[in-house]
Structures are given as C-alpha cells and as structure tokens.
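Here is the structure we will look at.
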Amino acid sequence: MKARYAEEARRDRSDASRSASCCGKGFYRSKEAAELPAEALAASLGCANPVALAQLQVGEIVLDLGAGGGIDVLLAAGRVGPTGRAYGLDMTEEMWELARENQRKAGLDNVEFLKGEIENIPLPDNSVDVVLSNCVINLSTEKDRVFAEAFRVLKPGGRIAVADIVLLLCRNGEIWAGCLAGALEESESRTKLATAGFTDIRIEPVRSYSASDAMEFLRTVASAQLDAEALARLREGKFLSALLRARKPER
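Each residue of the sequence shown is one higher than the one before, counting from 47 in the numbering used here.
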C-alpha cells in the first residue's frame, strides 16, 4: 500500500483534471480549487470534502490524518487563518515531499507536514481542536488504534470530521489498496468511535456508488479480487462515502 501511494506522489500532476481518486470527482468547489496549486488538486485521493463540512473556526488547530498531497490541509489553513494552524500527517516520504512543495506554492505559513503513521500520531495529548481525514482510515488495519490516537490528541470538546467509505451491508472481498479498502459497516464505525470515547456520533451520507463507480473501482485497483456477492453490492449502491462526526467530551 505504501508503494502505491508513493507511486501516486510521483505521478504527473500537470493536469489538475486528472484526479487520482477512485471515489469520483466534484468534491471541491471552483472557489476552493482556485485557492490551491494545481498539483494539490491532481493529487487528491479523497471521497469527500471534510474541510467544507467541518465548520472550522478562525484560530483553531487542525490535524489531517493521511494528508497526501496536502489539499485538505491547505484548505483548512485558509479557514483557520494566521492565528490557527493546520498539521498534515502522512507515512509516505514522497507524499510528504509533494505536500511540502504544494505548501510552498500556496504561500501558507500556518501549515506543518509531519511524517508518521496515523496509528501513532506525533503530537502531544490535548493539542488539537479538529481532526480531519479523507478516505484514509479505511486503509488502516488498526482502526481502533487510529480512533484512540485521534481522541488522545484532541482537546476536551474537540471534534473529529472524517470522510470515509461506509458499507451498508456486511463487508466481503476487501480491496486493501483502493477506496473500499477495509471499509467499515455503519454500525461498526459507530461502535469503534464510541469505544475510543467519542460522543455525539453522526454518520452523514455524502455520495452513494453506482454500477459505473464499481467498474471504476475495479479499473483503478488492478489487484482487486471481488466475489460475486461483493460485486453485486457495488452495483446496488451499497457503499457510501460519508462524513463521520463525533466529539471528545469536555471532561
């Protein structure tokens, strides 16, 4: 998986319309796109726009888990302003370098990209107001650890706004290098967030997937092996991109 995302970072970014996302396009408005380097847009691998849905406030400290080329970090930095700060965390050296270059092109000073794993966030306890992530947590084999780490770094009263793939039925035939990789059932997502300590848990659909989307999933992930039942669920639109919202209690 790490090799795949390193390859994505090295891909030609000259055409911003050629997004690498296997989850569709159109998540970012033209006004938002105008704020960003073309390379950041072209590197998008997400399944929604968590920044637009997170209700960020000026002065907040934001962390994006699995920041990739930095698109959501750069957008968040603009929302929180110079008194706020936006961190982006990614495990891939090539993505980290791409994000740093995109930051330079965007001319933003309130941004810092960190190298590391989302299961072991290199930030202190109670240091972040908002945790974002965009179609990344589904890739982790240690989701409980990811949610626990997000809870740890959030300040009391802090919140999480995660865009990810949610299954409406039981999973089968996981694809570990694409948008459906390790996707959780809706009820399972709620349980894991609650176990980590989160409250006010909400799961809000962003987009459902059709038969043509299913074919795109299979085309973009060459190693995918789906059985007939899993493919049928894809064709029936049983997968959603959704926004998972939750809050860390004040005490």
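Every residue, glycine too, gets a C-beta built ideally from N, C-alpha and C.
Asked: Contact check, residue 106 vs residue 130, beta carbons under 8 Å; Found: yes
Asked: Residue 158, enclosing beta strand (DSSP E) - first and last residue; Found: 157-161
Asked: Alpha-carbon to alpha-carbon, residue 293 and residue 217; Found: Confidence at residue 217 is low in this model, with a pLDDT of 41, below 50, so the placement of that residue should be treated as unreliable; the coordinate-derived value is given next. When rounded, the distance between both Cα atoms is 27 Å.
Asked: Contacts around residue 194, its chain only, beta-carbon distance under 6 Å, and the 5 residues preceding and following it disregarded; Found: 242
Asked: C-beta contact flag for residue 209 and residue 180 at 8 Å; Found: yes
Asked: Of the residues 95, 104, 81 and 296, the one placed nearest residue 201, counting alpha carbons only; Found: 296
Asked: Distance, residue 149 Cα to residue 140 Cα; Found: 14 Å
Asked: For residue 292, the residue or residues it bridges with in DSSP; Found: 206
Asked: Segments of 3+ residues assigned as beta strand (DSSP E) that fall wholly inside the region 142-197; Found: 157-161 and 174-180
Asked: Cβ-heavy atom distance, residue 242 to the ligand SAH, below 7 Å; Found: No copy of the ligand SAH appears in this structure; indeed no ligand is present at all.
Asked: DSSP three-state assignment for residue 297, whether helix, strand or coil; Found: coil
Asked: Euclidean distance between Cα positions of residue 146 and residue 114; Found: 10 Å
Asked: Spatial neighbours of residue 198 in its chain, beta-carbon cut-off 6 Å, leaving aside the 5 residues before and after; Found: 171
Asked: Residue interval of the alpha helix (DSSP H) (run including residue 134); Found: Note, residue 134: premise wrong, no alpha helix (DSSP H); beta strand (DSSP E) at 131-136.
Asked: Beta-carbon spacing of residue 135, residue 160 below 8 Å; Found: yes
Asked: Nearest to residue 163 (by Cα), restricted to the options 191, 175 and 151; Found: 191
Asked: Sequence-distant residues of its chain with Cβ nearer than 7 Å to residue 176 (five each side left out); Found: 100, 102, 106, 108, 204, 205 and 207
Asked: Burial state of residue 138, where buried means 16 or more other Cβ atoms lie within 10 Å; Found: buried
Asked: Residue environment, residue 96, which counts as buried when at least 16 other CB atoms sit within 10 Å; Found: buried
Asked: Among 127, 289, 240 and 112, nearest to residue 167 - alpha-carbon criterion; Found: 112
Asked: Per-residue burial, residue 118 [other beta carbons within 10 Å of its own, 16 or more giving buried]; Found: buried
Asked: Outcome for residue 244 when other beta-carbon atoms lying within 10 angstroms are tallied against a minimum of 16; Found: buried
Asked: Short Cβ contact (8 Å threshold) for residue 132 with residue 104; Found: no
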